[in-house]
Each structure stands twice: as C-alpha cells, then as structure tokens.
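For the sequence shown, the working numbering gives the first residue as 45, with consecutive numbering after it.
Note that beta-carbon positions come from the ideal geometry of N, C-alpha and C, so glycine has one too.
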Amino acid sequence: MIITEDLIRRRAEHNDCEIFSLEEVSLHQQDIERIEHIDRWCRDLKILYLQNNLIPRIENVGRLKNLEYLNLALNNIEAIENLEGCESLQKLDLTVNFVGRLSSVESLRHNVHLTELFLVGNPCTEFQGYRQYVVAALPQLKWLDGTEISRSERIRASQGLEEVRILVGEQEEEYLRRRVQEKEESERKAAGGEKQNRERKAGFDGCWYTDISNTTPGLEENQENQKNQENQENQENQENQENQENQENQENQDLEENVENPKIDEEEQEREFWETPCPFTPESRLETHRHLEQKRKEKEKKTEKKLKAARTLVTSDGRVLNVNEPKLDFCLTEDDETNMIILDLAVFRHLDTSLIDVDVQPTYVRVAVKGKIFQIVLPAEVKPDSSTARRSQTTGHLVLTLPLAQGEIRVTKIVQRPSRNCGNRHCSSPQDNKRNKNDIPERLEVDPSKRTSVDIANIVQRRSTKEGPLEVNRTTPPEADLFSEGFIDDPDVPPLI
Numbered sequence: 045m046i047i048t049e050d051l052i053r054r055r056a057e058h059n060d061c062e063i064f065s066l067e068e069v070s071l072h073q074q075d076i077e078r079i080e081h082i083d084r085w086c087r088d089l090k091i092l093y094l095q096n097n098l099i100p101r102i103e104n105v106g107r108l109k110n111l112e113y114l115n116l117a118l119n120n121i122e123a124i125e126n127l128e129g130c131e132s133l134q135k136l137d138l139t140v141n142f143v144g145r146l147s148s149v150e151s152l153r154h155n156v157h158l159t160e161l162f163l164v165g166n167p168c169t170e171f172q173g174y175r176q177y178v179v180a181a182l183p184q185l186k187w188l189d190g191t192e193i194s195r196s197e198r199i200r201a202s203q204g205l206e207e208v209r210i211l212v213g214e215q216e217e218e219y220l221r222r223r224v225q226e227k228e229e230s231e232r233k234a235a236g237g238e239k240q241n242r243e244r245k246a247g248f249d250g251c252w253y254t255d256i257s258n259t260t261p262g263l264e265e266n267q268e269n270q271k272n273q274e275n276q277e278n279q280e281n282q283e284n285q286e287n288q289e290n291q292e293n294q295e296n297q298d299l300e301e302n303v304e305n306p307k308i309d310e311e312e313q314e315r316e317f318w319e320t321p322c323p324f325t326p327e328s329r330l331e332t333h334r335h336l337e338q339k340r341k342e343k344e345k346k347t348e349k350k351l352k353a354a355r356t357l358v359t360s361d362g363r364v365l366n367v368n369e370p371k372l373d374f375c376l377t378e379d380d381e382t383n384m385i386i387l388d389l390a391v392f393r394h395l396d397t398s399l400i401d402v403d404v405q406p407t408y409v410r411v412a413v414k415g416k417i418f419q420i421v422l423p424a425e426v427k428p429d430s431s432t433a434r435r436s437q438t439t440g441h442l443v444l445t446l447p448l449a450q451g452e453i454r455v456t457k458i459v460q461r462p463s464r465n466c467g468n469r470h471c472s473s474p475q476d477n478k479r480n481k482n483d484i485p486e487r488l489e490v491d492p493s494k495r496t497s498v499d500i501a502n503i504v505q506r507r508s509t510k511e512g513p514l515e516v517n518r519t520t521p522p523e524a525d526l527f528s529e530g531f532i533d534d535p536d537v538p539p540l541i
C-alpha cells in the first residue's frame with residue numbers, strides 16, 4: 045500500500061482534515077511499503093507514527109524540520125539513514141526491525157537534540173559491545189532502550205571505543221555476509237516456487253512420444269506385421285474389457301476421494317507452511333504477510349454474500365404480493381360495526397418509531413421496519429386519507445385503522461345505565477357524573493304510541509319555590525284560562541292591586 049492524500053486526510057480528523065497545518069499523524073498498521081509525500085504535504089509535522097508496516101528503509105523525511113518523534117517499530121529497516129535533516133528530532137523508535145549495520149548509528153550525530161533511542165529486537169543488539177558502542181558514538185543520548193545512560197557509563201564507553209569499534213566491525217561484516225546468503229536463498233526459493241507452479245507435464249501421462257517410423261518396411265515384414273496386429277487386436281479387446289471394468293471402479297473411488305482431497309491438501313499445505321523453520325528476515329516477514337493476505341482474500345471470497353435479487357413487491361402484471369421480511373406477527377381483522385379494517389403489527393416494543401415507515405394504499409398496506417418490508421393485501425378497498433397509525437404504549441405494537449371505502453362508518457350504540465333514585469330525588473355518584481361528561485351526546489327517542497299527541501308544556505320543567513326535586517307531573521294552566529271569554533281590557537281602568 046502507498047501513502048495517499050486521502051489516507052492522510054482521513055487520519056487528520058482532529059485537525060478538521062487539513063493536512064498543511066497537521067502536527068501529528070498516525071499511519072500504523074496500514075501495510076505501507078514506502079515513506080513518500082509526507083515531507084511535502086505535512087511540513088509542520090511534529091509526531092509521526094509508522095509502526096507495524098512493511099517499510100524497508102528510512103527516506104523522504106529530511107524536510108520535516110519540526111519533527112520531534114518518529115516511530116518506525118515493527119518494520120523491515122536494515123540501516124539508520126536519511127535523518128540528518130530532522131533538526132528537532134528528540135526520540136527515535138526502531139524496535140523489532142532488522143538493523144544489522146550498527147555503524148549506521150553514527151549518522152545520528154547530526155541530530156543534536158536526540159535524547160532517546162530504541163533498538164530493542166534488532167540483530168545489532170546481539171553484537172558484543174553493542175551498548176558501549178552506541179553510548180560512545182552518540183554523546184547527546186540520555187536514554188538507550190529505555191535505560192538511562194549514567195555519566196560513569198559514558199566515560200567507560202569513551203575510554204575503550206577503538207577496541208569496541210573493531211570488534212563491532214568484524215561482527216557486522218559477518219552479519220552482512222550472512223544476509224547476502226539469506227537473500228540469495230530466498231530468491232532461489234521464490235524462483236523455485238514459481239517454476240513449480242508454471243511447469244506442466246509433457247503429455248497426458250507425463251511422457252514424451254515421437255514418431256520414429258520413417259523407413260518403409262519390406263513385404264515379408266508387412267505380412268508378419270499383419271499377423272502380429274491381429275494377435276494384438278485380440279489381446280487388446282480382452283484387455284479393453286478388463287480395463288473398462290477397472291476404470292469404472294476407479295472412477296467411483298476417485299469421485300469419493302476428490303471430495304475430501306482438496307480440503308486435506310489445503311490443511312497439509314497450511315500446516316507445512318507454519319511448521320517449516322525459517323530465519324527471521326525481512327524476506328520471511330514479507331512472505332508471511334503475503335500468505336496471510338492471500339488467505340484473507342480467499343476467506344472473503346468464500347464468505348462473500350451474493351447480492352440478493354431485488355424483492356418483488358408488485359409483479360409485472362400489477363398483482364401485489366404479500367411480503368414479511370422482518371418476520372413479524374400480525375393480526376388483520378374486519379370490524380362490521382365500525383365498518384373498518386384493523387391491522388395489528390407486532391413491532392418490537394423498544395424500537396424507535398422513526399425507524400418505521402407506513403404507506404397505506406387503497407388495496408394494500410406497506411410498512412418498512414428498519415428497511416425490511418412488510419406488505420399485505422387488504423380484503424377490501426380502504427380510504428388511505430382517513431386511515432390512522434398508532435403505537436401501543438404497553439406492547440409497542442403498531443395498530444393501523446383503515447376505514448372501508450364502501451359504506452358509511454357506523455357508530456356503536458351506547459347503553460345508558462339507569463339512574464339511581466333516592467326517594468323522590470335523582471342521585472348520582474361522582475363517577476357517574478364523570479362518565480356522563482365523557483359520553484357521546486345522547487339522542488332523543490320518542491315512543492311511537494305518543495307521536496299523535498305531544499305535550500309541549502312539559503318539555504321545560506319548572507322548579508318550585510322550595511328546594512327540592514323537579515316537579516315532573518305538575519302542570520301550569522295557560523294564562524288564557526284566568527279570564528272570561530267576554531273580558532275586554534280597558535286602558536282607562538287602573539289595574540287591580
């Protein structure tokens with residue numbers, strides 16, 4: 045993998061994805077094989093994390109003048125180089141790399157601010173006199189491999205520097221000679237593996253065949269050949285019959301074995317790869333990484349789900365299908381009294397209502413629950429505009445009320461309870477009063493036997509002067525009955541007192 049601008053921007057979320065003013069970036073575990081572009085895109089960088097990659101050498105960081113901390117642990121670096129331009133470098137981490145050229149440490153003398161250096165896990169740490177050499181070569185260091193450098197240790201290291209330098213040089217030459225052999229062996233192994241994969245058998249049975257019958261035989265030879273051919277044909281016929289029987293048996297056995305052989309071969313190859321000893325080198329680390337990458341891709345191909353065909357909700361001829369992708373329980377009932385269809389869908393109780401989308405059509409209902417479609421065909425045509433959808437507060441179910449398009453909505457008759465009488469008074473409890481307020485307005489019902497003569501005078505009831513119940517049976521005579529028929533009101537006569 046290479047370093048791209050998009051990769052750095054994604055790693056610069058803390059800086060609003062701006063890379064020009066970026067001071068810290070982490071590019072670990074990205075399978076990066078080369079350091080590039082960072083010194084041009086991020087000139088103000090102070091901290092750079094590049095651990096656990098496949099970087100073979102240090103390069104393209106010389107322009108980072110403000111770089112203070114560089115982490116290159118768990119890579120394939122074999123020499124310390126190209127860090128002279130990092131003037132502000134204070135800490136360098138090269139843990140578990142392949143640094144075998146211990147003399148390359150002297151290139152860090154120009155980094156006067158360098159105080160910490162980590163070389164744990166590198167081949168150079170196994171050299172005799174390793175620590176003494178590094179301490180003497182880098183006088184600005186204060187910590188080496190996590191251990192503080194004391195003043196007395198520095199004095200002792202500087203006193204025997206020449207002898208240690210010669211000893212380290214011999215060991216370094218031996219290591220470099222061994223590295224050349226390891227590289228040649230890895231190249232030969234890689235070439236041999238490619239050759240094995242490419243080579244194929246010469247014929248169907250692994251043998252070469254040539255035509256050597258270039259001479260013309262004589263007459264006698266022809267007769268003998270004809271007899272021999274006849275005898276051979278007879279023998280071949282018998283052999284063919286036996287071979288056919290043997291082939292049929294072998295084919296049956298091969299079919300049974302071929303099913304298990306690929307799995308067994310893969311397991312054997314995998315076990316052989318991991319159990320075969322090999323030196324710890326950059327080449328072996330690359331080979332392991334490529335092997336794991338290949339296995340990961342094969343696993344992804346096996347586990348890769350095939351794209352499901354789009355769910356058919358409505359056929360080409362316009363027929364609506366019943367679909368229940370979320371696998372929810374439901375209840376569809378038709379209420380004859382209210383002339384409605386009620387759909388009770390058992391949605392999960394704690395499901396957020398924003399994840400539910402309801403679409404009511406005249407002939408069907410479609411509900412999307414977290415992107416999964418529930419669709420049901422209705423037994424009759426309904427009115428989508430008058431339909432309602434509610435969630436139950438106890439069970440969380442989704443209840444759809446769908447009025448039918450044909451017919452009128454019927455109102456259920458409410459049976460009134462008879463009022464309790466306390467003597468002549470009409471008594472009612474507070475609960476009855478509350479129910480009466482919430483009831484639907486009552487309708488007047490007239491007895492058919494009394495339609496001919498209606499007593500209009502008793503419609504409005506009057507109360508007596510004393511507090512008491514309404515006088516239902518008491519009637520007041522009309523005012524016209526108080527006067528005689530021949531009475532004439534004379535305006536000159538004063539009224540009676």
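Since residue i and residue j should fall inside the 8 Å C-beta cutoff, what is the C-beta to C-beta distance between them, to a whole number of angstroms?
i, j, result
"LEU389", "LEU372", "6 Å"
"ILE99", "ARG78", "7 Å"
"PRO370", "VAL413", "5 Å"
"LEU376", "ILE420", "7 Å"
"LEU188", "LEU158", "That belief does not hold up - the Cβ atoms of LEU188 and LEU158 are roughly 11 Å apart, past 8 Å."
"LEU66", "LEU94", "About 15 Å separates the two Cβ atoms, so there is no contact after all."
"VAL114", "LEU133", "What sits at residue 114 in the sequence shown is Leu, not Val. Sure, about 7 Å apart at Cβ, within 8 Å."
"PHE142", "THR320", "In fact, because the Cβ distance is near 20 Å, the residues do not count as touching under 8 Å."
"ILE47", "ALA56", "ILE47 to ALA56, Cβ: 13 Å. No contact."
Tell me whether residue i sits in a helix, a strand or coil according to DSSP, three-state version.
i, result
"GLU425", "coil"
"PHE418", "strand"
"ASN287", "helix"
"PRO447", "strand"
"THR377", "strand"
"VAL149", "helix"
"ASP328", "Residue 328 is actually Ser in this sequence, not Asp. SER328 falls in the helix class under three-state DSSP."
"LEU138", "coil"
"ARG107", "coil"
"THR382", "coil"
"LEU365", "coil"
"ALA340", "The sequence given here has Arg at residue 340, not Ala. Three-state result, ARG340: helix."
"ALA347", "Residue identity check: residue 347 is Thr in the sequence provided, not Ala. Helix."
"ASP401", "strand"
"ARG410", "strand"
"ARG355", "coil"
"ASP309", "helix"
"ILE124", "coil"
"ARG434", "strand"
Alpha carbons only, please: which of the options is nearest the one belonging to residue i?
i, options, result
"ARG87", "GLU68, GLU77, LEU98", "GLU68"
"SER196", "ARG363, GLN176, LEU211, ARG209", "GLN176"
"VAL212", "LYS233, ILE193, GLY144, LEU152", "GLY144"
"HIS441", "LEU136, GLU312, PHE392", "PHE392"
"GLN215", "LYS135, GLN172, GLU192, GLN95", "GLN172"
"MET45", "LEU71, VAL140, GLU57, GLN279", "LEU71"
"VAL404", "SER398, ILE124, ALA424", "ALA424"
"GLY129", "GLY165, ARG355, ARG55, ASP83", "ASP83"
"ASP429", "GLY165, ALA449, THR439, ARG435", "ALA449"
"ARG363", "THR397, LEU422, CYS61", "LEU422"
"SER10", "GLY415, LEU395, ASP401", "Residue 10 lies beyond the stretch modelled for the chain, which goes from 45 to 541, so this question has no answer here."
"ILE210", "TYR174, GLY236, ARG223, GLU192", "TYR174"
"SER202", "SER360, LEU152, ALA180", "ALA180"
"ILE76", "THR438, GLU316, ASN110, LEU116", "LEU116"
"LEU152", "CYS168, ASN166, GLU170, LEU127", "LEU127"
Notebook entry, point to check: Do the stretch 325-333 and the stretch 113-122 meet, that is, are 3 or more Cβ pairs less than 8 Å apart?
Noted result: yes
Check: Of all the beta strand (DSSP E) runs that stay within the bounds of the stretch 156-241, which reach a length of 3 or more residues?
Finding: 160-162
Next item on the list: Tell me, please, whether the stretch 377-396 touches the stretch 432-451 by the rule of three or more beta-carbon pairs shorter than 8 Å.
Entry: yes
Note to self: Would you call the stretch 220-236 in contact with the stretch 178-192, where contact means no fewer than 3 C-beta pairs closer than 8 Å?
What the structure shows: no
Item checked: Completely contained beta strand (DSSP E) runs for the stretch 47-105, where each covers 3 or more residues -> 68-70, 91-93
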